Structure formats: structure tokens, C-alpha cells
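For reference, the structure is listed below as C-alpha cells.
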Amino acid sequence: ASVSVMNLAFEDTAVNTFDAAYKLMPPLRSKEDREAMKAGVLDGTIDIISSNHIPLEEELKKKEFSYAAFGATGLEVCYAICRTYLSDWLTDEAFVRLAAYNPRKLFGLPAPVVKEGEPAQLTVFSPALQWMYSRNIVKSRSFNSPFLDKELTGRAVAVINNDQSLIIGHP
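Under our numbering, the first residue of the sequence shown is numbered 18, with each subsequent residue one higher.
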């Protein structure tokens, strides 16, 4: 089973302000449901955490709440969400297992191995880095995120994929 990182980070009370950034699919649930999802992660019933990345054109979210589309971007901030909102119970090791290794296993893909002479596939994280997620650093073409203009902790600072590397650096 899988769960969206945003469903672990927020409860349905986040939509009380009718901010369409929190209009997600699956929708945010009650505190009790959120606690049950947390318990499912901890006991292994839930074995995948997803970013549930749903980029949308701005005009689809800039509407009255009931007419706004469901979804939010999440790929760039998935790790930061875990560090900022879930670090009291979710370790970095568990995050890597749930967000990277288990999905690869589900699709029959081998786990990446760092080995001399072989192409590397890895992400370098800075777990304590505090940064502001703002429009000028968003890599997605979409800006539909409940995390815009919020301070987050933890960030991917470099990605190496085969012969390509991307240094994200610090904001």
C-alpha cells in the first residue's frame, strides 16, 4: 500500500481556509485517519510514500475552492516535507526505503549500487538545510504547492544519474 507524503503531513483542517493549494487527491483526512496512516507506515502495512506530484496550470487552482482542480506539485519537496513535518517519527533511512527502494522493487527494478567503473544513480541530501521554497527556485513549470513561500528543512542538493549530474546547491 502507498500513501502521499502530503496526507502524512496535513489533516483535513488545512482546507478550512479554502486555500486551493490544499485541495489534493486523495483528499486530506481527519487527524485519526492521519494517525492510522502513520501507524501503517510504522508497522509496514504502508510500504511506499509517494510525492503524488500533480502539476497543474495556475488557472486551474486560482478558482473558488469548489471549482479548483485537485492536486499539488510534490516531487521537489517530498524529502523536505518529510524532514520538516515527519522527522519526529520518520528517519531518513525509512524515507529512502519507502520513497526510493520499495517503489523500485514494486516495478522489478534493481536497487542502484555505487561501484567503481559503473554509472552512478544517487541523490545527495542536506538534511539540516533550512530554505525557503519560493517561485524563483521551483524547477517545475507549475506552482500549485501548499509549500510555496514556506521555510522547509532538508533538501536534495545534487543528483547524479549515469553520466549526468545536477548540482542544485543551496537557495
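We put the CB at the ideal spot given by N, CA and C, even for glycine.
All figures in this text were calculated on a predicted structure; none of them were measured in a lab.
Identity of the residue in the options nearest residue i by Cα
| i | options | result |
| --- | --- | --- |
| residue 97 | 114, 180, 171, 77 | 171 |
| residue 175 | 48, 30, 119, 144 | 144 |
| residue 58 | 47, 108, 31, 78 | 108 |
| residue 56 | 37, 40, 88, 18 | 18 |
| residue 40 | 84, 61, 111 | 84 |
| residue 165 | 113, 105, 94, 116 | 94 |
| residue 163 | 87, 132, 113 | 87 |
| residue 92 | 23, 37, 183 | 23 |
| residue 28 | 158, 153, 48, 73 | 48 |
| residue 112 | 99, 77, 105 | 99 |
| residue 90 | 105, 73, 101, 106 | 73 |
| residue 152 | 45, 140, 69, 167 | 167 |
Beta-carbon gap between residue i and residue j smaller than 8 Å
| i | j | result |
| --- | --- | --- |
| residue 43 | residue 21 | yes |
| residue 81 | residue 160 | no |
| residue 65 | residue 123 | yes |
Integer Cβ distance of residue i from residue j, believed to fall under 8 Å
| i | j | result |
| --- | --- | --- |
| residue 103 | residue 169 | Contact doesn't hold; Cβ gap of about 12 Å is too wide. |
| residue 179 | residue 138 | 7 Å |
| residue 78 | residue 37 | 5 Å |
Assigned secondary structure, residue i (DSSP; H/G/I helix, E/B strand, else coil)
| i | result |
| --- | --- |
| residue 55 | helix |
| residue 195 | What is shown of the chain runs 18 to 188, which leaves residue 195 out entirely. |
| residue 158 | coil |
| residue 152 | helix |
| residue 131 | coil |
| residue 40 | coil |
Beta carbon proximity, residue i to chain C, threshold 8 Å
| i | result |
| --- | --- |
| residue 158 | Included in the structure is just one protein chain, with no chain C present. |
Ranges of the alpha helix (DSSP H) found wholly within the region 59-128, counting only runs of at least 4
75-78, 95-102, 109-113, 119-123, all fully within the region 59-128.
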